[in-house]
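J.:
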Amino acid sequence: MLRFIFWNLHRHASPETLARLAQRHEADIVIVAEAARPPVEYQLALNREASAYHYRSTTGGLRLFFRLPSAAIEVLDLPDADLPHWCMWRVRVPGGSEFLLVGVHLLSKRWTTELGQQQEARLLAESIRNAESLLGHRRTVVVGDFNMNPFETSMVAAAGLHAVSTREVALRAERVVQARSYPFFYNPMWSCFGDSSPGPPGTYHYASGDHLTYFWNVFDQVLIRPELIACLPAESVQVLTDDGVASLASPLGRPDAAACSDHFPIAFSLDV
Amino acid sequence: MPSLAVDLWPNDLGSTAEITPLVILRDQATALGHKTQQIVEGEVRTRPLNPEMLEHEFFLRVPALGDSRFLLLIVQQPTIELYPVTVQAPRQQLEQQCGDQGQFQDTLRQVFWSGETRSVVERLISQAKVAA
Chain U
1 MLRFIFWNLH RHASPETLAR LAQRHEADIV IVAEAARPPV EYQLALNREA SAYHYRSTTG
61 GLRLFFRLPS AAIEVLDLPD ADLPHWCMWR VRVPGGSEFL LVGVHLLSKR WTTELGQQQE
121 ARLLAESIRN AESLLGHRRT VVVGDFNMNP FETSMVAAAG LHAVSTREVA LRAERVVQAR
181 SYPFFYNPMW SCFGDSSPGP PGTYHYASGD HLTYFWNVFD QVLIRPELIA CLPAESVQVL
241 TDDGVASLAS PLGRPDAAAC SDHFPIAFSL DV
Chain S
1 MPSLAVDLWP NDLGSTAEIT PLVILRDQAT ALGHKTQQIV EGEVRTRPLN PEMLEHEFFL
61 RVPALGDSRF LLLIVQQPTI ELYPVTVQAP RQQLEQQCGD QGQFQDTLRQ VFWSGETRSV
121 VERLISQAKV AA
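This is the structure we're talking about:
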């Protein structure tokens, strides 16, 4: 069983906090965005107890740390595999199977329009399908800060990420729209919204003065292809609110941007 | 397995775990990573020179420096007999033939413990620590 953590560090959360989080949740693969410190500082913190975590750089701001054998994870050999807002890695699990891991930190509405987000999502989806053709399988997991909620057009549209809220729909594998077939993703993060979620009501809190504000958002998400749904224990998908020592939340229960980050980290497991 | 009329091969093929030059080199790659907290990793690339000879290149890999790789040494070995191997360390202008596993390990130790190698690894670590 592999345990994953993704966290947008908001250029603030410390290497020590990340290391405690990884240790607390026994993370095998850790992906971060908006890291302010040199990557080796996070790596040294992660490796304080045992020199287990390897580091892989990306063109953009994502940082990957993993404690599998060094050769287990490599960037995919495709021109669009390593771009400013995403990176694709081929993961070969010792004694297990291979899968495609895609880390993302997509543009926020602060820097682009909704149309811009839709275009980027469409390009990402196409790149993922191309990568899957190259690899000859669709054992794909996409994780990161999408800067969009699960219900937004780019996440749900067939030509976008086509990520649906239930396993049952996703297990239909694909849908034909206007004579084109589009594969599904399953998005378990729909279940992380609001008061009925087992954890906090979202991963990112923002209250604007505008007519439309959701207050709680789930920007940090994991998407799973149907081929991997059986490998994802439902209870393993979590929004994390402490690092085992300190809370990551403010007294109001929101991500503590002053102490660490304005995002909560997310975690999930895959039995590959 | 497909059904065969006659199978004349031994049943225990591939069950012995011989310590080949490649196994030794890969172990050193792993050990280097542990010694440097994975800031500098060892990476071994193997290719056939011809049907009779294999060549292994041992690189120092530094993910934090744009995933740079620096060639530390080259080992050439007979594919079947395993020894003698030839070890080349270009930075130290060293070329040494090793008749058996013991000599091979002594030569590797000589390269790894040299002032030149230590200096290279230390410089790579220092630069990696501040690289963005």
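Quick note, the sequences are listed as chains U and S, same order.
Position 141 (the first sequence) corresponds to 141 in the numbering used here; numbering is contiguous.
Position 53 (the second sequence) corresponds to 53 in the numbering used here; numbering is contiguous.
Positions of the beta carbon are idealized from the N, C-alpha and C atoms, including for glycine.
For S:Arg118, which option in S:Pro84, S:Met53, S:Thr36 and S:Gln103 has the closest C-alpha, if you only look at C-alpha atoms?
T.: Among S:Pro84, S:Met53, S:Thr36 and S:Gln103, the Cα nearest to that of S:Arg118 is on S:Thr36.
J.: How about the region 260-270 of chain U and the region 221-238 of chain U: do they share at least three Cβ pairs that are nearer than 8 Å?
T.: Contact holds: three or more Cβ-Cβ distances are below 8 Å.
J.: Should S:Asp27 go down as buried or exposed, given a rule of 16 or more other Cβ atoms within 10 Å for buried?
T.: By the 10 Å Cβ count, S:Asp27 comes out exposed.
J.: Could you tell me whether the Cβ atoms of U:His10 and U:Ser261 are closer together than 8 Å?
T.: Closer than 8 Å, so yes.
J.: Would you kindly check if the distance between the Cβ of U:Gly144 and the Cβ of U:Thr31 is under 8 Å?
T.: The sequence shown places Ile at residue 31 of chain U, not Thr. Yes, Cβ-Cβ distance for U:Ile31 and U:Gly144 is below 8 Å.
J.: Can the beta-carbon of S:Arg47 be found less than 8 Å from the beta-carbon of S:Phe59?
T.: Contact flag unset, no.
J.: Among residues of its own chain, excluding the 5 on either side of S:Thr30, which ones have a beta-carbon nearer than 8 Å to its beta-carbon?
T.: Same-chain partners within the cutoff: Gly42.
J.: Output needed for U:Val40: all residues of its chain with C-beta closer than 8 Å, excluding positions within five of it in sequence on either side, in chain order.
T.: So the qualifying residues of the chain are Tyr55.
J.: Classify U:His211 as buried or exposed, calling it buried when 16 or more other Cβ atoms lie within 10 Å of its own Cβ.
T.: U:His211 should be labelled exposed.
J.: For U:Leu100, which residues does DSSP report across the bridge?
T.: U:Arg90 and U:Thr140, per the DSSP bridge assignment.
J.: List the residues that DSSP assigns as beta-bridge partners of U:Cys260.
T.: Partner(s): none; U:Cys260 has no beta bridge.
J.: Determine, using beta carbons only, whether U:Tyr42 comes closer than 8 Å to chain S.
T.: No, no contact with chain S.
J.: Would you verify that the beta carbon of U:Asn217 is, or is not, closer than 8 Å to some beta carbon of chain S?
T.: Closer than 8 Å: no.
J.: Is the shortest distance between the beta-carbon of U:Ser70 and the beta-carbons of chain S less than 8 Å?
T.: At least one chain S Cβ lies under 8 Å of U:Ser70.
J.: Any C-beta of chain S sitting closer than 8 Å to the C-beta of U:His10?
T.: It does not; no Cβ of chain S falls within 8 Å.
J.: Less than 8 Å separating the beta-carbons of S:Val39 and U:Gln23?
T.: A small fix is needed here, since residue 39 of chain S is Ile in this sequence, not Val. In this structure, U:Gln23 does not lie closer than 8 Å to S:Ile39 by Cβ.
J.: Would S:Gly14 pass as an interface residue toward chain U - the criterion being a Cβ-Cβ separation below 8 Å?
T.: Not an interface residue.
J.: Is the beta carbon of U:Gly202 less than 8 Å from the beta carbon of U:Asn187?
T.: Going by C-beta atoms, U:Gly202 is not nearer than 8 Å to U:Asn187.
J.: Please report the straight-line C-alpha distance between S:Gln127 and U:Ala71, rounded to a whole angstrom.
T.: Roughly 23 Å between the two C-alpha positions.
J.: Could you check whether the region 17-27 of chain S touches the region 246-253 of chain U, counting it as contact only if at least three pairs of C-beta atoms, one from each stretch, sit closer than 8 Å?
T.: Segments in contact, no.
J.: Can you name, in chain order, every residue of its own chain whose Cβ lies under 6 Å from the Cβ of U:Met189, other than the five neighbours on each side?
T.: Hits under 6 Å: Pro150, Val218 and Gln221.
J.: In three-state DSSP terms, what is S:Ala128?
T.: Of the three classes helix, strand and coil, the one that applies to S:Ala128 here is helix, per DSSP.
J.: Using only the alpha-carbon positions, how far apart do S:Pro51 and S:Ala5 sit?
T.: Each residue's alpha carbon lies about 31 Å from the other.
J.: Can you have a look at S:Ile80 and say buried or exposed, based on whether 16 or more other CB atoms are within 10 angstroms of its CB?
T.: The residue is exposed, with fewer than 16 neighbouring Cβ atoms inside 10 Å.
J.: Nearest by alpha-carbon distance to U:Gln119: which of U:Phe193, U:Met155, U:Asp82 and U:Ala207 is it?
T.: Cα-wise, what sits closest to U:Gln119 is U:Met155.
J.: Among S:Gln88, S:Glu122, S:Val130 and S:Ile125, which residue has its Cα nearest to the Cα of S:Gln110?
T.: Measuring from the Cα of S:Gln110, the nearest candidate turns out to be S:Gln88.
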